[in-house]
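Participant:
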Amino acid sequence: MTAPVVVQNLAKTFYDESRGEVQAVDDVSFECRAGEIFGLLGANGAGKTTTLRILATILKPSAGSASVMGHDVLTDPEAVRASLGFSSSTTALYPRLTARETLDFFARINGCPKAQARERVARLIQRFGIEEYADARVDKLSQGMKQKVAIARTVVHDPPVLIFDEPTVGLDVLNALEMQKMIAEFRAEGKAIIFSTHIMSEAEKLCDRIAIIHRGKIHACDTLAGLRASTGQHYLEDIFVHVVQDSAPEAAPLAQGAATP
87 MTAPVVVQNL AKTFYDESRG EVQAVDDVSF ECRAGEIFGL LGANGAGKTT TLRILATILK
147 PSAGSASVMG HDVLTDPEAV RASLGFSSST TALYPRLTAR ETLDFFARIN GCPKAQARER
207 VARLIQRFGI EEYADARVDK LSQGMKQKVA IARTVVHDPP VLIFDEPTVG LDVLNALEMQ
267 KMIAEFRAEG KAIIFSTHIM SEAEKLCDRI AIIHRGKIHA CDTLAGLRAS TGQHYLEDIF
327 VHVVQDSAPE AAPLAQGAAT P
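The sequence shown lines up with residues 87 to 347 when you count with the numbering used here.
1) What does a CB cutoff of less than 7 Å around Q229 pick up in its chain, not counting 5 residues either side in sequence?
2) Any idea if Q202 is buried or exposed, counting beta-carbon neighbours within 10 angstroms, 16 or more meaning buried?
3) How would you label G133, buried or exposed, when you count the other beta carbons within 10 angstroms and need 16 or more for buried?
4) With distances taken between CB atoms, is the gap from M268 to I296 smaller than 8 Å?
5) Taking the alpha-carbon of R206 as reference, which of A222, L189, I216 has the nearest alpha-carbon?
6) Should the segment 296 to 308 be called in touch with the segment 128 to 143, which here means at least 3 C-beta pairs below 8 Å?
7) Measuring straight from C-alpha to C-alpha, what distance separates L96 and V247?
8) Just how far apart, CA to CA, sit R273 and P253?
9) Quick one: what's V111 bridged to in DSSP?
10) Just how far apart, CA to CA, sit V93 and L160?
11) Are there 16 or more other CB atoms within 10 angstroms of the CB of I195, so buried, or fewer, so exposed?
12) Comparing C-alpha positions only, which one of F214, A120, M231, R314 sits nearest to I249?
13) Can you list, in chain order, the residues of its chain whose CB lies under 8 Å from that of T309, leaving out five sequence neighbours each side?
14) Please report the distance separating the alpha-carbon of G197 from that of V242.
15) Going by DSSP, what residue range makes up the beta strand (DSSP E) through K226?
16) Taking the straight line between their C-alpha atoms, what separation do you get for F192 and Q319?
17) Which residue spans inside the segment 294 to 320 form an unbroken beta strand (DSSP E) run of at least 3?
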């Protein structure tokens with residue numbers, strides 16, 4: 087059976103006035119399976135967000151292909167968007183809407199009938215513990231509460247694929263832990279989840295498999311146990327440094343065959 091998310095030889099090139107042609111994503115391949123949290127681990131600027139924006143049909147690839155639930159991001163973008171939820175720390179909410187209005191609005195634009203949307207919104211408000219703030223305007227909420235609303239908005243149409251791009255940036259420890267718990271619950275429900283982060287502890291705790299991306303390329307992709315075995319390192323921070331150093335131009339790339347799970 088084809089995985090819910092399949093990425094093959096994906097590439098994205100930008101032109102920058104100061105740097106010229108920039109290869110943001112370079113021959114990236116991976117897949118994300120149902121009931122799995124697939125980690126995309128890399129430093130800022132490594133190509134994580136560009137890859138995820140291509141999957142979400144926000145950007146078009148320069149080469150290669152990507153599909154979500156069998157729908158191609160180039161030829162069937164509407165079906166792709168209906169099949170996934172995308173959340174990041176920079177995902178803006180409409181400040182003048184209440185939390186309830188936000189969820190209802192996004193349920194409706196994603197095709198939920200009015201009665202079903204109302205029921206779905208009520209369940210999410212209870213699940214995410216935002217009853218007390220449900221009718222408060224978003225711009226009056228704390229950062230942690232805004233992130234709860236943002237994630238509830240991401241799943242309001244119950245998509246089979248979820249993308250989380252640095253979702254805990256700016257959150258305090260307790261809110262970040264609660265966010266991680268929610269994401270683990272979505273995995274238990276059988277959703278395919280792509281989780282992008284540069285925080286090693288999050289990847290160690292949540293991810294079933296981890297792809298290390300550096301300068302637009304995936305240089306290693308395996309379970310944590312597999313990465314430990316292939317690098318001889320125990321801690322993910324040390325594994326990451328080992329892989330990134332070995333991926334330098336003057337060094338032989340590490341485990342090129344592991345780029346595609």
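Each residue gets a CB set at the ideal place from its N, CA and C atoms; glycine is no exception.
The structure displayed is predicted, hence computed values, not measured ones.
Facilitator: Here's the rundown:
1) On the sequence shown, residue 229 is found 143 positions in, with the first residue counted as 1. The residues are G256, L257.
2) Here residue 202 refers to the residue found at position 116 when the sequence shown is read from its first residue. If you draw a 10 Å sphere on the C-beta of Q202, you find fewer than 16 other C-beta atoms in it, and that means exposed.
3) Counting from 1 along the sequence shown, the entry for residue 133 is found at position 47. Buried, because 16 or more other Cβ atoms sit within 10 Å of the Cβ of G133.
4) On the sequence shown, residue 268 is found 182 positions in, with the first residue counted as 1. On the sequence shown, residue 296 is found 210 positions in, with the first residue counted as 1. Contact: no.
5) Locating residue 206 in the sequence shown gives position 120, where the first residue counts as 1. For R206, the nearest C-alpha among the options comes from L189.
6) Output reads yes: the segment 128 to 143 touches the segment 296 to 308.
7) Residue mapping note: residue 96 aligns to position 10 of the sequence shown, counting from 1. Residue mapping note: residue 247 aligns to position 161 of the sequence shown, counting from 1. Taking the straight line joining both Cα atoms gives about 19 Å.
8) For the purposes of this step, residue 273 is taken as the residue at position 187 of the sequence shown. For the purposes of this step, residue 253 is taken as the residue at position 167 of the sequence shown. Taken atom to atom, the span from the alpha-carbon of R273 to that of P253 is near 16 Å.
9) As a working mapping, residue 111 is identified with position 25 in the sequence shown. Answer is K98.
10) Locating residue 93 in the sequence shown gives position 7, counting from the first residue. Locating residue 160 in the sequence shown gives position 74, counting from the first residue. The alpha-carbon atoms of V93 and L160 are separated by roughly 12 Å.
11) Position 109 of the sequence shown holds residue 195. I195 is exposed by the Cβ-count criterion.
12) By 1-based counting over the sequence shown, the position of residue 249 is 163. Among F214, A120, M231, R314, the Cα nearest to that of I249 belongs to A120.
13) Counting from one through the sequence shown, the residue named residue 309 turns up at place 223. Once the five neighbours on either side are set aside, the close Cβ partners of T309 are D294, R295, I296.
14) Indexing the sequence shown from 1 puts residue 197 at position 111. Indexing the sequence shown from 1 puts residue 242 at position 156. So the two alpha carbons sit approximately 11 Å from each other.
15) As a first step, residue 226 must be located in the sequence shown, where it is residue number 140. Here K226 belongs to no beta strand (DSSP E), and DSSP marks it neither H nor E.
16) For the purposes of this step, residue 192 is identified with residue 106 of the sequence shown, where counting begins at 1. For the purposes of this step, residue 319 is identified with residue 233 of the sequence shown, where counting begins at 1. Distance between the alpha carbons of F192 and Q319: 44 Å.
17) 295 to 300, 303 to 308
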